[in-house]
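Take the sequence shown: its position 16, counted from the start at 1, is 16 in full-length UniProt numbering, and no numbers get skipped. Glycine included, each C-beta is placed from N, C-alpha and C at the ideal position. The structure presented is a predicted model; accordingly, all values stated were derived computationally and were not measured. Some notes on the structure that comes next.
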Amino acid sequence: MKLKQSLPILLPALIAFGCKDNNKQEEKDEVAEDSIAQQDTIRYHSEPLITDHYTADPSAHVFEDKIYGSFE
């Protein structure tokens, strides 16, 4: 019974809270993008084994100087 009485008050309050301004989140996203853009000095451990085949399979394996994977 109390829920029915408090619903006209709670519903608009919840809607107003849900429609708040999200500028703070957008500012944080912009700062994160800037910091990622500044990290262009990535150094890798070694050169890639395969440079002419592009695949989404991350599980290429090397055994006894042979590379195994699903390359089409």
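Item                                                                                                     : Value
How far does the beta strand (DSSP E) with Lys-66 in it reach, from first residue to last?               : 66-68
Could you tell me the distance, in whole angstroms, from the CA atom of Arg-43 to the CA atom of Cys-19? : 44 Å
Specify, as a first and last residue, the run of the beta strand (DSSP E) that His-61 falls within.      : 61-63
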